[in-house]
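Sequential numbering of the sequence shown, starting at 0, is according to numbering that gives the first Met the number 0.
For each residue, glycine too, the CB sits at the ideal point set by N, CA and C.
Structure first, then comments.
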Amino acid sequence: MTKNLGLRTIAETDPELWELILAEEQRQARTMRLIPSENYASAAVLEATGSVLTNKYSEGYPGRRYYEGQQLIDQVEKLARNRAKALFGAEAANVQPYSGSPANLAVYFAFLDPGDTLMGMALPHGGHLTHGWNVSITGKYYNAVQYTVHPETHRLDFDAIRALAREHRPKIIVAGATAYPRIIDFAAFADIAREVEALFVADIAHISGLVAAGVHPSPVPHADVVTTTTHKTLRGPRGGMILMKKKHRKAINNAVFPGLQGGPHNHTTAALAVALAEAATDEFKVYAQQIVDNSKALAEALSERGFELVTGGSDNHLILVDLTSKNIPGKVAAQALDRAGIVCNYNTVPFDKRKPFDPSGIRLGTPSLTSRGMKQPEMVKLAQWMAEVVAKPEDEALTTRVANEVAELCKGFPAPGIPIR
Ligand code: DSN
């Protein structure tokens, strides 16, 4: 008897797509993933993401919805919200943003009018598109003022940031980065924001897992609002979240819904609740510390092999390598490394002389490798492979040999959420 269409597996209904999923599973299992914004969600997080909660519409918030049938969804959203508040010590939380960009946009929508001044870190210096970069809606609808890192140290320069804030009197100051390898001093940002009477927003998308585990200082005591994605170091589903002081709850909630979004993605909210419970465990604290230890070990091993690191090292999950002295563009290096089973992304470095689509650097991060249980010895092996490949990017025999060695190493470190088939 043939099964009803709705009961068949992907393999039965869509073998072409199923093959692609299996192949991607293998790619993720056989390679060393160094993209610092990626991770392996746990089997439990994936299970919630694939649950029937995807079937439900729930515009509104728990207790105030525009659809009936919310008896269980309300409980799911409250669980996620309460776990977020407890984990980060926040007064209030909104777990509905679809991802980090909508979370940031909702915050701006709550507090800014078009043309108001927004101050954030310039994208080529490590900021994010939504911190006011010119091609983003946030750079087009608002008067965006962009701070950079110090021309020599390549670290945040609080004297320059303060001077810029005094000059432009922004309504919002954003701290946070996508390519900054050092601790961010949130108290220093808060002090500047207070002085110019700006709202202080911290975007901790990259580091929220480190903050949750206490291995990076938290902005929660200092910031009016904290935004984050949920799928990077926090290791949850793809999504976003906003933490805030209670006094901002109404404005932010109204900005997320009905201001910017429709129905929340309940399957994602449930998966976030799972991830937040995982992040509250001692095991996660050990994991987060190991991310940082691995990053430092990889940075040291790369430096020993002549790689020039922006700021000279790393105190978080991320390393930015300037390949100028190796005479190889970031894109050529990233593509050769990808062929060798080492997956990273090319990236601008501060004051880059090359173009963003063909920049001087590569960006590395240790969250995914650490999720597989890799430690300092594997970081040293990785640095050795990277040095070999970057020295001879066109050598196909070399990249094939390294890809095979990487795959062999990966077999000993199963990736969370990927079944061994
Ligand atoms: N796309 C993310 C990253 O790779 O850093 C930022 O949102």
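Rounded to whole angstroms, residue 213 and residue 23 show a C-alpha spacing of 33 angstroms. Those residues that have a beta carbon less than 5 angstroms away from any non-hydrogen atom of the ligand DSN are, in order along the chain, 36 and 177. Ranking 228, 347, 15 and 101 by CA distance to the CA of residue 271 puts 228 first.
Taking residue 174 as reference, the option from 143, 163 and 118 with the minimal CA-CA separation is 118. In this structure, DSSP gives residue 225 an extended state, which the three-state scheme calls strand.
DSSP, read as helix, strand or coil, puts residue 147 in coil.
About 22 angstroms separates the CB atoms of residue 127 and residue 190; that is not less than 8 angstroms, and the two are not in contact.
The beta-carbon separation of residue 329 and residue 358, rounded to 5 angstroms, stays under the 8 angstroms limit for a contact. Excluding sequence positions up to five before and after residue 412, its CB lies within less than 7 angstroms of the CB of 371, 372 and 373, all in the same chain and listed in chain order.
Taking C-beta separations shorter than 6 angstroms and ignoring five residues to either side along the sequence, the partners of residue 405 in its chain run 31 and 340, following chain order. Taking a 10 Å sphere around the C-beta of residue 75, we find 16 or more other C-beta atoms and assign the residue as buried.
Runs of beta strand (DSSP E) with 3 or more residues, each lying fully within the stretch 156-184, are found at 171-174, listed in chain order. Straight-line measurement puts the Cα of residue 48 at about 17 angstroms from the Cα of residue 73.
Taken through DSSP and simplified to helix, strand or coil, residue 255 comes out as helix. As a beta-bridge residue in DSSP terms, residue 307 pairs with 321.
Contact annotation: the stretch 179-199 does not touch the stretch 55-66, with fewer than three C-beta pairs closer than 8 angstroms.
The residues 154, 155, 310, 313, 314 and 315, in chain order, have a CB closer than 8 angstroms to that of residue 181 in the same chain once the five nearest residues on each side in sequence are set aside. Its Cα nearest to that of residue 151, the residue 349 stands out among 349, 382 and 393.
If you compare the alpha carbons of 114, 122 and 206 with that of residue 169, the shortest gap goes to 114. Taking C-beta atoms as the reference points, residue 35 and residue 239 fail to come closer than 8 angstroms. Distance from the CA of residue 245 to the CA of residue 37, rounded to the nearest whole angstrom, comes to 31 angstroms. In its chain, beyond the 5 residues on either side, 234, 235, 236, 270, 273, 274, 277 and 416 have a beta carbon closer than 8 angstroms to the beta carbon of residue 44. When C-alpha distances from residue 53 are compared across 4, 149, 400 and 263, the shortest belongs to 263. If you draw a 10 Å sphere on the C-beta of residue 321, you find 16 or more other C-beta atoms in it, and that means buried. Under DSSP, the beta-bridge partners assigned to residue 342 are 32. Residue 183 and residue 216 have their C-alpha atoms spaced approximately 8 angstroms apart.
Residue 301 counts as buried, since no fewer than 16 other beta carbons sit within 10 angstroms of its beta carbon. Beta bridge pairing from DSSP links residue 93 with 241.
Rounded to whole angstroms, the Cβ separation of residue 39 and residue 294 is 17 angstroms, and the two are not in contact under 8 angstroms. For residue 385, the uninterrupted alpha helix (DSSP H) run begins and ends at 375-390, by DSSP.
Every alpha helix (DSSP H) of 4 residues or more that sits fully in the stretch 185-220 is shown, in chain order, as 185-194 and 207-212.
In this structure, the alpha-carbon of residue 414 lies about 29 angstroms from that of residue 393. The beta-bridge partner set that DSSP reports for residue 410 is empty. Cα atoms of residue 142 and residue 136: separation of roughly 11 angstroms, rounded to the nearest angstrom. Residue nearest to residue 266 within the set 338, 94 and 177 is 94 (criterion: CA-CA distance).
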